[in-house]
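A short worksheet on the structure shown next.
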Amino acid sequence: MENDKSANLTIEALPDTQPPLVKVISPNGGEILKVGDWVTIMWKSLDNVEIVEHRVRISRQGQNGTFAPIVKGLDGDDMSYDWQVTGPGTSKAVIQVVAFDAAGNRGFDNSDTPFIIQP
Numbered sequence: 001m002e003n004d005k006s007a008n009l010t011i012e013a014l015p016d017t018q019p020p021l022v023k024v025i026s027p028n029g030g031e032i033l034k035v036g037d038w039v040t041i042m043w044k045s046l047d048n049v050e051i052v053e054h055r056v057r058i059s060r061q062g063q064n065g066t067f068a069p070i071v072k073g074l075d076g077d078d079m080s081y082d083w084q085v086t087g088p089g090t091s092k093a094v095i096q097v098v099a100f101d102a103a104g105n106r107g108f109d110n111s112d113t114p115f116i117i118q119p
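Using the UniProt record's numbering, you'd call the opening residue of the sequence shown number 1 and step up by one each time.
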């Protein structure tokens, strides 16, 4: 028995609208660092598809301050960055890690509380 019927099948992929999840591990608040010290900034991140880039930033004015870049373009698989602490000193330093997925969604996390950078 032959079947001469044919059908067209269309599959549409839904767009990725879910941002990556990020958690800063360290420094995460209360640490005392000195300008010139080497510190490993660590975080965890995940996404429903794939993370393609991480950026690490710092605020010296607390959670609501302006964040300046420490490094851009880190691989999506990277979960740490060795940073030589820069000045000026502050008692309100906060690290922010931003993750980007292939669809351009971004997620971020900040240190839970400020840490100190001594001159």
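Heads up, the beta-carbon is just placed ideally off N, CA and C, and yes, glycines get one too.
All values reported here derive from a predicted model rather than from experimental measurement.
Q: Following the continuous beta strand (DSSP E) through T90, name the residue where it begins and the one where it ends.
A: Annotation: the continuous beta strand (DSSP E) that includes T90 extends over 90-101.
**Q.** Secondary structure of A13, DSSP reduced to three states
**A.** coil
Q: Mark T90 as exposed unless 16 or more other C-beta atoms lie within 10 angstroms of its C-beta, in which case mark it buried.
A: buried
**Q.** Distance between T10 and D87 (C-alpha atoms, nearest Å)
**A.** For the sequence presented, residue 87 should be read as Gly rather than Asp. Answer to the nearest angstrom: the Cα atoms are 57 angstroms apart.
Q. What does I58 pair with, by DSSP beta-bridge criteria?
A. A68, I95
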